[in-house]
Every structure is written in C-alpha cells, then in structure tokens.
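*Asks:* Counting from 111, one number per residue, gives the positions in the sequence shown under our numbering. Glycine residues also receive a C-beta, built at the ideal position from the N, C-alpha and C atoms.
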Amino acid sequence: MRQSLTLLLFAACLAGCAHAPPASTRNPLAEWVPSPNYEPRRPVIIVLHATEQASAQQSLDTLRTANRGGKVSAHYLIGDEGRIYQLVADDQRAWHAGAGSWGTITDLNSVSIGIEIDNDIGEAYTEPQLEALLRLLEDLSTRLHIPKSQVIGHSDMAPTRKRDPGSLFPWQRLADAGFGRWPRGPLVDPPAGFDPWLAMAAIGYPLKDRAAAVRAFHRHYRGRDDGGDPQASFDAQDLRMLHALAMPAPLPR
Ligand SMILES: [Zn+2]
Numbered sequence: 111m112r113q114s115l116t117l118l119l120f121a122a123c124l125a126g127c128a129h130a131p132p133a134s135t136r137n138p139l140a141e142w143v144p145s146p147n148y149e150p151r152r153p154v155i156i157v158l159h160a161t162e163q164a165s166a167q168q169s170l171d172t173l174r175t176a177n178r179g180g181k182v183s184a185h186y187l188i189g190d191e192g193r194i195y196q197l198v199a200d201d202q203r204a205w206h207a208g209a210g211s212w213g214t215i216t217d218l219n220s221v222s223i224g225i226e227i228d229n230d231i232g233e234a235y236t237e238p239q240l241e242a243l244l245r246l247l248e249d250l251s252t253r254l255h256i257p258k259s260q261v262i263g264h265s266d267m268a269p270t271r272k273r274d275p276g277s278l279f280p281w282q283r284l285a286d287a288g289f290g291r292w293p294r295g296p297l298v299d300p301p302a303g304f305d306p307w308l309a310m311a312a313i314g315y316p317l318k319d320r321a322a323a324v325r326a327f328h329r330h331y332r333g334r335d336d337g338g339d340p341q342a343s344f345d346a347q348d349l350r351m352l353h354a355l356a357m358p359a360p361l362p363r
C-alpha cells in the first residue's frame, strides 16, 4: 500500500511538476501556478572597472579562480590592445560590484553588466581599448536596451572602498559618444539656495560618507584624484557642473 502511494505521488509530480523551479527558488508562502511566459532578466546599468593588475592575463586568472580576497568575476575584460574577452553571460549575475549603491539600486551585481579594463589607474587608457569599449557599450545598450546614460564607475557606487576606473578615465569622451552623464550647455553659477547634496543624490551618488562622495565626483568629473582627503569639498566649478547635471534635460522641440 505504502509503495503504491509513493508511485502515485511520483506520477502526479511527473505530470504537475514539469515547470517547477528548484525548491530553493520557490516561495513557500505561495502556490506554484507556473506560466511559460518568461525569459532571463536583463541588466539595466553598466559598471566600469580598472583591473589594477599587471596584465590582462593576470586578470583573466583572477576573474576565473578563487583568489585571496574571495571569488570575483566580471562579464567582460578589455585588454590594452583592444581585445574583448567575455567571462560571464549577460543574463547571469557576476561578482564585480560588491557593497555600494546607485540611486535606489542597492544590489548592483543583480542588475548590472561589469566591464573590467586592463589599466593600473596610474596610466592612460589606450586608444584601441577605448575604441573597443565604445563598440561594446554600443552593442550592450542596443541589444539589452540599457539606457546609454546608465554607465557609471565602480568608485561612483562604492566611493568609500573603490577608486577605479580612476581619475585618468576619459568620461567626457564617453559622453561625447552618448554614454554616461555629462553636464551640457554653458555652465552657470547655480541660484541661491542650490543644495549640492540633493544634486548628488539625484545623480545617484551614495552620501553616507560625503567626503568620499566628493572624491568620487572629482575623479569622474574633474579628472582629479584627492587621495583619501577627509576634507574633500566642492569648489565653484563643481557646483556649476552639479547644477547642470541635476537640471532636467531640455524637452525636445
Ligand atoms: Zn572595480
């Protein structure tokens, strides 16, 4: 009797559990009524990194093994001669961003594509590397429908921990090609009462450590590395840029 009941349950499960996901991904609070209408989720933002290592080969090893500081990975790596390597599929969660936030996004790894660029931060990015990056950004934004403005640096989302891709990364050149955010039009002094912290929050910067956020802003928008300066603060040009960045874009005519 016991055996026939087991068989019956097994047969019922074969019929009814065909679309069931692994038990670990099912919510015990809910009844499983599967729909066939789904596909892998798409990322919505791109995070750029500098490898800060000696060579692309060293980074390929680091990004594919259990290295000293724990397992890390990225979707892409761009060598300094412009070669593009893919290490993780676009629809999978790679381990490149870690703790940090951008706007309301608190788990960047779950919603982003991570691109490592072979650069040790103290050197200029190479021309073939930047051309390859722009080709890859064009492909990702087109194919995955990631808004072109949604391209940030690792240090933007994790300013207390990270400095990559560093102050030598040419964000303005990316902006000229349509990627990331850059102030447009003539820069003017903001009106009285302008709050730069509201502007920083509107752009996306996490503000738990305000000096760290200022240092990240300087790396990104001023090409300047303040080191670990705990007193880093905005100057008049920062305020003009912040005002322009936080202003809504003019409506198309
Ligand atoms: Zn990084």
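#1: Return helix, strand or coil for isoleucine 313, following the three-state DSSP convention.
#2: Just grab the DSSP bridge partners of glutamine 196 for me.
#3: Mind listing, in chain order, the continuous alpha helix (DSSP H) runs of no fewer than 4 residues lying wholly within the stretch 195-235?
#4: Pull up the distance between the alpha-carbon of arginine 329 and that of arginine 151, whole angstroms please.
#5: To which residues of the same chain is leucine 297 closer than 7 Å at the C-beta, ignoring the five residues directly before and after it?
#6: Is histidine 353 helix, strand or coil by DSSP?
#7: So, aspartate 266 versus tyrosine 315, is the Cβ gap smaller than 8 Å?
#8: One question on the structure: do glycine 288 and lysine 258 come within less than 8 Å of each other, judged by their Cβ atoms?
#9: Closer than 5 Å is what we want: which residues have a beta carbon that near any heavy atom of ligand 1? List them in chain order.
#10: For valine 324, does the three-state DSSP call read helix, strand or coil?
#11: With distance defined between alpha-carbon atoms, name the residue in Leu139, Gly290, Tyr235, Pro269 nearest to alanine 322.
#12: Could you check if alanine 125 is buried or exposed, using at least 16 other CB atoms within 10 Å of its CB as the buried criterion?
#13: In three-state DSSP terms, what is alanine 285?
#14: Counting along the chain, where does the alpha helix (DSSP H) carrying leucine 247 start and finish?
#15: Whole angstroms is fine: what's the gap from arginine 136's alpha carbon to alanine 234's?
#16: Rounded to whole angstroms, what's the CA-CA distance from arginine 271 to serine 134? Just pull it up for me.
#17: If you check the beta carbons only, do leucine 246 and tyrosine 195 fall under 8 Å apart?
#18: If we ignore side chains and look at the alpha-carbon of each, how far apart do glutamine 347 and phenylalanine 327 end up?
#19: Roughly how many angstroms separate the alpha carbons of tryptophan 307 and threonine 216, rounded to a whole number?
*Replies:* Short version:
#1: For the purposes of this step, residue 313 is taken as the residue at position 203 of the sequence shown. Three-state DSSP puts isoleucine 313 in a helix.
#2: Translated into the one-based positions of the sequence shown, residue 196 becomes position 86. DSSP output for glutamine 196 lists Tyr186 as bridge partner(s).
#3: 218-221
#4: Within the sequence shown, residue 329 is the residue found at index 219, counting from 1. Within the sequence shown, residue 151 is the residue found at index 41, counting from 1. Arginine 329 and arginine 151: Cα-Cα distance of roughly 32 Å.
#5: As a working mapping, residue 297 is identified with position 187 in the sequence shown. The answer, listed in chain order, is Arg350, Met351, Ala354.
#6: For the purposes of this step, residue 353 is taken as the residue at position 243 of the sequence shown. Residue state, collapsed to three classes: helix.
#7: In the sequence shown, residue 266 corresponds to position 156, counting from 1. In the sequence shown, residue 315 corresponds to position 205, counting from 1. Going by C-beta atoms, aspartate 266 is nearer than 8 Å to tyrosine 315.
#8: Counting from 1 along the sequence shown, the entry for residue 288 is found at position 178. Counting from 1 along the sequence shown, the entry for residue 258 is found at position 148. Contact: yes.
#9: His159, His264, Asp274
#10: Within the sequence shown, the letter at position 214 stands for residue 324. In this structure, valine 324 counts as helix in the three-state DSSP scheme.
#11: Within the sequence shown, the letter at position 212 stands for residue 322. Here the closest residue by C-alpha is Pro269.
#12: The residue given as residue 125 occupies position 15 in the sequence shown. Residue placement at alanine 125 is poorly supported in this model, since its pLDDT is 45, which falls under 50; the coordinates still yield a value, given next. Per the 10 Å Cβ criterion, exposed.
#13: By one-based count along the sequence shown, residue 285 stands at place 175. Three-state DSSP puts alanine 285 in a helix.
#14: Indexing the sequence shown from 1 puts residue 247 at position 137. Start and end: 237-253.
#15: Taking the first residue of the sequence shown as position 1, residue 136 is located at position 26. Taking the first residue of the sequence shown as position 1, residue 234 is located at position 124. Their Cα atoms are separated by approximately 48 Å.
#16: Position 161 of the sequence shown, counted from the first residue, corresponds to residue 271. Position 24 of the sequence shown, counted from the first residue, corresponds to residue 134. Approximately 32 Å between the Cα atoms of the pair.
#17: In the sequence shown, residue 246 corresponds to position 136, counting from 1. In the sequence shown, residue 195 corresponds to position 85, counting from 1. No, they are not a contact pair.
#18: In the sequence shown, residue 347 corresponds to position 237, counting from 1. In the sequence shown, residue 327 corresponds to position 217, counting from 1. Their Cα atoms are separated by approximately 12 Å.
#19: One-based indexing of the sequence shown puts residue 307 at position 197. One-based indexing of the sequence shown puts residue 216 at position 106. Cα-Cα distance, rounded: 19 Å.
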